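Report on the following structure.
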Amino acid sequence: MPAHLRNTIRIGLTALLLTVVSVSSAFAQAEDGPAFLTNRINALILVIVFSVAVMYFTQQARKGKTLFLRKIPGLDAVEEAVGRATEMGRPILYIPGILDLDEMDTIAGVSILGRVTKIVAEYETPLIVPARYPTVLAACQEICEQAYAEAGKPDTFNKDSVRYLAGEQFAFTAAVNGIMMRERPATNIYLGGFFAESLLLAETGNAAGSIQIAGTSQPEQLPFFIAACDYTLMGEELYAASAYLSHEPLMTGGLKGQDLIKVILITVIIVGVILSLLDHWNVIHFFDIYSGWFQEA
Amino acid sequence: MNVWERLAAIDRRWIYLACGIAVLMPFIIPVSLPVYTTPEVQGVYDAVKNLPDSSVVMLTYDYYPSTLAETEPMSRAALHHLFSKDCKIVTISNIPLGGPTIAERVTRELAAQYGKEYGTDYVNLGYKANYVAVMKGLGSSIRSIFPADNSGTPLGQLPLMQEVDSYEDIDFIFIVADNATADYWVSIVNAQYGVPMCCGATAVMAPKMYAFMGSGQLKGLLGGMKGAAEYEQLIGHKDRAVRGMDAQSLIHLLIIGLVVLGNLGYFMGRREKGIGR
Amino acid sequence: MRKTVPVVTAFVTGVIVTISFFFNEHTTLIGKVQGGILQWVTIIFGLALALGMVSITRVNFNKIKRKQEGWFYSVLVIVSVFVMAIPSALPVSWSPMFGRNEGSLYYWLWTRISEPMMATMFAMLAFYIASAAYRAFRARSTESTLLLLTAVIVMLSRIPMGEWFLRLFNESLPDWVNIYIMNGFNLSVQRGIIVGAALGAASMSLRIILGIERTYMGKG
Amino acid sequence: MTPFSPIELWLMAFVTLAIFSFLYKDNPVYRLVESIFAGLSAGYYFGLVWDTVLMQQVVDPIKTDSSNLYLIIPALLGILLFSRLTQKWSYLSRVPLAFVIGSTSGIFITSRLQGLVLPQIRTTFMPQNVPGGSTDPWMIVVLSTIVVVGVIATLVYFYFSHEHKGVIGWTARLGIWFIMISFGAHFGYTVMGRVSLLIGRVQFLVEDWIGSFTG
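For the record, the sequence lines run as chains S, V, W and E. So for the first sequence, our numbering puts the first residue at 459; every next one is plus one. So for the second sequence, our numbering puts the first residue at 1114; every next one is plus one. So for the third sequence, our numbering puts the first residue at 204; every next one is plus one. So for the fourth sequence, our numbering puts the first residue at 9; every next one is plus one.
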C-alpha cells in the first residue's frame, strides 16, 4: 500500500473514531452529573497545542525536510569505543536498561542498539546484550539481526549474544557484573532506564578497565554515571541521541515539537514573572488571572 | 612510583575495609548527637496531625526489600502516627517483588500494638500489575482493580472497604516509595483527583521530590534515613533510624575524606608529571 | 495483518483513555469503558510477570542439557524456582505450608533467604560509592568542581556531626543549605528536567498511539 | 526481640556474608547464592501471578458471578504474551502488548502534561515560598530568582534545535552549572541512601545475629 494512502486511511480513521467516541461519550451518560470536565480545558488546550506541534514537525521530517538537531557530544564516543574494542579483540557490552519494553527509556536504548550493532557488525566485534525482560530480549534479538543484515553480514550474528538474565534487579546486576569480570568487555554501553544498579555496573566496569558510555533519563542516577563513566548522556539527550544517530524523521520530528513547546513554556514563565512584578509594583493587576489559567479550577 | 601514584593505584578493597570499619565503629562506641528538624519533615508531621480523627488514609508500600533500612522506619513511624489518631488505613503495594509481603508483616505488627482489627481498621489490598493503570484505575473503582485483598478475601466482605471505593473516599495518601511510583502518585492521583499527599522517599529519590514540594503537590517530605529519624523524633518513637544516624556521621566523614584525598592525589600526580599549570 | 491489528489496538485503547481524561469517569460511558480497559491492563500485564519464570527455566534447562560451564548453578536455579513456585500454587486448605500467607514455605523462603540477599545487594552500593568517591570523583573541570563542592556541603548538612560543624561558622548555615541549594538550585534543575522529560514521554506516547512509533513490536 | 530462630539467623547471616564476599572477588559461594536468588525471585513472581492475578482477578470473579465471564478475554490476551517465547508465533504477542502500551500511553499524554508540566511551570513564575515560612522579602527575591533562572537555563540546555552559541550558548553554560550543583546535591543525598542500607545490614549482623550469641 502506498504511503500517502496509508496516511490518509490513518487520518480518516483517527477523525472518525474521535468523532464517534466524543459524541457517544458526551451523550451516553450512565448516571446523572456533569459529563465534560470544564476545569480541564487548560490541559485540553495544552494537549492539542502539543500534539499539533509534534505532528507538524513529524510530518515535515517525513516529507524529507532536513530538521536541524545539535550534535550530542558523547555520541562520537560510541564509534571510537567500538573501534577500540576491535583493536583489543574484546567484546562490547550493551545494556538497554533494566526497564520493560513499554518504557520510553528502553525504547530509546533499544533503538540506539540498532545503530551501534550496525557499527559492531561492520567491525566484526563480538557483542553482548543482556536483557532483563523477555520482551526486551525479543526486541533486541530482532533489532540486532536486522542490523547485521543491513551491514551485509547476517551470518556473523551470534544469537547467543543477546542473553536473557534473571528477572530481578540485583540478580540481573550481579549476573552482568559476572559477565564483566569473566569476559572483560573493552567497552560498556549503558543506554536506557537505570536505577540503583548504575553505580554497581559503572564501578565494576571501571575495575575491569573498560571504556564506559552511559545515558539515562533517570536524574537520580546521573551523578554516578558522570562520576564513573567516560561519557554520559543526560536525561533527554538519550532521546535526542536516538534521533540524531538514526536520523529517523519520526524521532527528530518529536524532538523539534518538544523544543517548540519548551520555547512557549519559557515565554510563559518570563511573562509570568513580568506580570508578577507589575502586580507587585501596582502597575497592572493581571497576575492572578494569568496564573489561574495554569491551575485546575 | 611516587607516593601519589601509589595512592592512586591502591586496591579498592582497602577502601571497602575502611568503609566497613567506619560503619561498625559507632555500634561499639555510640555518640548520640541531636537531629534537627527540617521544614519538609515538619510538613509531613503537620499534615498528618491536622487530619481529622478516623480519616481514611492510603499508605503505600512501594518499596523493595532492598531499601528496608530506609523505608521501613518511615512506614512504622507513619503507622504509629496514624493509628494513634484512629485513622482507617488502606495499604497498597505497587512493587511486585516483596511489597505485599512487607505490607502484611509491618502493618499487622503495628496494628496488634494498637489493638486494631483487620477489615474494620485497616486493609491490605496487596499488589496488582502495571502501577500506572492501577493508580488511574483506582479513580474509577477500587473493586474493579482489586476484587480481593492480598489474602484473597473479597473486598465486599471487609467492612472498611464497603465505604471506600475510589479516591473520593480517601482523605490522605501517605506515600512511602523507593522508586518512580511517587512521581505517578503526584502526577496522576494528586493532579487529577486532588487527594492531598505526603511522601517518604529514599534519599536517592528525595532531591526530585523537592520540585513537588515547591509546587505544593506534596505536603511534606521524608528524605531518607535522616528524614525518618526526624519524623521518629517528632512523634516520640525513636527507633532504628535515629540509632543509625551515628554511623551515618562517621561514614560520611570518611567519604568526604576520600574525595579530598583522591583529588589531592590527582592534582599532585598531575603537577609532578608537569601537566596542567 | 500482523502489524495492523496491534496498531489499531494501541490506537483505540490510547484514544479512549486520552479522551476519557476530559470526561467524568463515573457518569459517562467513556469513563466506564476506560475503567474496564485499565482492569484488563492489570490482568494482561500481571500474567506477563510469569514470563520470566518460563524463560529462566528454559534458559537454564538448555544449559544443563548442553552441559555448559556452570551447569550445576543452573540446576540450583531450576530447583529454587520450583521449590518456591509449586507450594505457593497449592491451596492453603491442604496444608499451612502452601499458599502465600505467613507460615507458608513461600513466605519463609522469601523472608529468610531472598530479603536478606536483596538487602545486602543494595548495601554493597555503600562500598562502591566510597570507592567511586576516591577513584572517580575528580575536580577535572569547573563543572565537576561545582558538583564536588556541593556534594561535600550537602553531605555535611545531612549528618548530625556535620550540621554541628556547619553551625560553628553560622548558626543558620544548615538552613541556608536547605533553602538555597535544595529548594533553589536543586529544585529548579529538577523542575527543568521533570518538564523536559514529561514532554518527551508525552511525545513518545502520542507517536505510539498514532502508530508511528512501533519499536515495541520489534522489527519484521 | 527478633522473630527469627537461631538457625534462621545463621542462614540469614550466611547469605548476607555470601553476597558481601563479591566485594573481595567473584567466587563460587557468591554464584551459588546468586543462582538460588535468581530462582527464588522467578518463583516469587509465579506465586504472585497465580494467586493475585489468575485466581483473584480472573477465576474467583467468574466463579462467583458468571456475568464476569468476559474476564476470559484479558486472560487469554495475557497468555498470548507467552508467544514471545517462540520464534514462529511471537507476532501474536503484539496485540496484548499494544493493548497495554496503547492505554498506558493514553494515561501518559494527559497526566504528564496536566500533572507535571502545568503545575511545575505555574509555580515557577509564582513568588517562591521560603521553606520554614520566612517572610524576609530578600530571601523570597533571591530564592525566586534562583528558581526562575535555573528552570529556564535547564530547559535551554535541553533545547536541541540550536547549536550552543550566543545567548543560547551562555544560557546553556549557566544551565550546566546549575545542573552540576543539583547533581552534587543528589550525590550527597544518595551517599546517605546507600550508607543507610549498609547500616541496616550491619544492624542485622551486630544486633540480631551476633547479639543472639550473648542472649
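Heads up, the beta-carbon is just placed ideally off N, CA and C, and yes, glycines get one too. Treat the numbers as computed from the prediction; the structure is a model and nothing was measured.
I need the straight-line Cα distance from residue i to residue j, nearest angstrom please.
i	j	result
S1167(V)	V1247(V)	25 Å
N1292(V)	F653(S)	8 Å
A293(W)	T1184(V)	First, the residue type needs correcting, since residue 293(W) is Leu and not Ala in the sequence shown. Computed Cα separation, rounded: 32 Å.
I503(S)	G1250(V)	24 Å
K266(W)	K33(E)	24 Å
L1195(V)	I1202(V)	8 Å
I240(W)	A1290(V)	26 Å
V380(W)	E374(W)	12 Å
I259(W)	L93(E)	11 Å
S347(W)	L696(S)	21 Å
Q676(S)	Y38(E)	29 Å
R269(W)	L105(E)	33 Å
V1116(V)	A1122(V)	10 Å
G1228(V)	D216(E)	27 Å
E641(S)	L571(S)	20 Å
E1281(V)	Q1330(V)	17 Å
M638(S)	T631(S)	10 Å
G158(E)	G123(E)	21 Å
L74(E)	V244(W)	Note that residue 74(E) is Ser in the sequence shown here, rather than Leu. Roughly 21 Å separates the two Cα atoms.
D1391(V)	M1381(V)	Limits of chain V in this structure are 1114 at one end and 1390 at the other, which puts residue 1391(V) out of reach.
V659(S)	Q136(E)	Before going further, note that residue 659(S) is Leu rather than Val in the sequence given. Using only the alpha carbons, I get a separation of about 39 Å.
A1304(V)	M300(W)	44 Å
R410(W)	R120(E)	15 Å
L1377(V)	F388(W)	27 Å
Might you give, ordered along the chain, the residues of its own chain that have their beta carbon closer than 7 Å to the beta carbon of residue i, omitting 5 neighbours on each side?
i	result
G414(W)	V210, A213 and F214
T496(S)	none
N263(W)	S277, V280 and I281
K1351(V)	E1345
I1364(V)	C1132, A1135 and V1136
I need the DSSP call for residue i, collapsed to helix, strand or coil.
i	result
P14(E)	helix
P1139(V)	helix
L1238(V)	strand
Q237(W)	helix
S29(E)	helix
K714(S)	helix
N265(W)	helix
T1204(V)	strand
P1267(V)	strand
R621(S)	strand
F1287(V)	strand
N646(S)	strand
Q271(W)	coil
P707(S)	helix
L1334(V)	strand
P1209(V)	coil
P290(W)	helix
Got a sec? Which residues, its chain only, sit under 6 Å from residue i by beta carbon, not counting five neighbours each side?
i	result
I742(S)	L736
M1171(V)	V1203, I1283 and I1286
Go through its chain and collect everything with a Cβ distance to residue i's Cβ below 8 Å, but skip five positions before and after it.
i	result
P1260(V)	P1267 and L1268
Whole beta strand (DSSP E) runs in the segment 1296 to 1321 of chain V with 3 or more residues, listed along the chain? Runs found: 1310 to 1314.
Can at least three beta-carbon pairs, one atom from the segment 1168 to 1184 of chain V and one from the segment 1306 to 1326 of chain V, be found at a separation below 8 Å? Taking a cut-off of 8 Å on C-beta distances, the segment 1168 to 1184 of chain V touches the segment 1306 to 1326 of chain V, as three or more cross pairs fall below it.
To test your reading of the DSSP string, which unbroken beta strand (DSSP E) runs of 3 or more residues are found completely within the segment 90 to 114 of chain E? Runs of the beta strand (DSSP E) inside the segment 90 to 114 of chain E: none found.
Continuous alpha helix (DSSP H) assignments of at least 4 residues falling wholly in the segment 485 to 531 of chain S: Annotation note: the segment 485 to 531 of chain S contains the following uninterrupted alpha helix (DSSP H) runs of length 4 or greater, listed N- to C-terminal: 499 to 520.
Could you tell me whether the segment 598 to 608 of chain S touches the segment 578 to 590 of chain S, where touching means 3 or more Cβ pairs closer than 8 Å? Counting Cβ pairs under 8 Å, three or more are found: they touch.
Three or more beta-carbon pairs under 8 Å between the segment 299 to 316 of chain W and the segment 149 to 162 of chain E, yes or no? Result no; under three Cβ-Cβ pairs closer than 8 Å.
For the segment 700 to 713 of chain S against the segment 541 to 558 of chain S, are there 3 or more C-beta pairs whose distance is under 8 Å? The segment 700 to 713 of chain S, when compared against the segment 541 to 558 of chain S, does not touch it at the 8 Å Cβ threshold.
Say whether the segment 639 to 653 of chain S touches the segment 668 to 675 of chain S, bearing in mind that this needs 3 or more beta-carbon pairs closer than 8 Å, one atom from each stretch. In short, these stretches touch, since the Cβ pair count reaches three.
I'd like the ranges of any alpha helix (DSSP H) spanning at least 4 consecutive residues and lying wholly in the segment 22 to 88 of chain E. Secondary structure remark: continuous alpha helix (DSSP H) runs of at least 4 residues inside the segment 22 to 88 of chain E, in chain order: 36 to 56, 68 to 72 and 80 to 88.
Should the segment 130 to 149 of chain E be regarded as contacting the segment 228 to 240 of chain W, the criterion being three or more beta carbon pairs within less than 8 Å? Judged by Cβ distances under 8 Å, the segment 130 to 149 of chain E makes no contact with the segment 228 to 240 of chain W, as fewer than three pairs qualify.
Is there contact here, the segment 1269 to 1279 of chain V with the segment 1128 to 1147 of chain V, by at least three beta-carbon pairs under 8 Å? Flag = no, the segment 1269 to 1279 of chain V and the segment 1128 to 1147 of chain V do not touch.
Examine the Cβ distances between the segment 47 to 55 of chain E and the segment 1208 to 1226 of chain V and report whether three or more of them are shorter than 8 Å. Using a Cβ-Cβ distance cut-off of 8 Å, the segment 47 to 55 of chain E and the segment 1208 to 1226 of chain V are in contact, since at least three pairs of beta carbons, one from each stretch, lie closer than that value.
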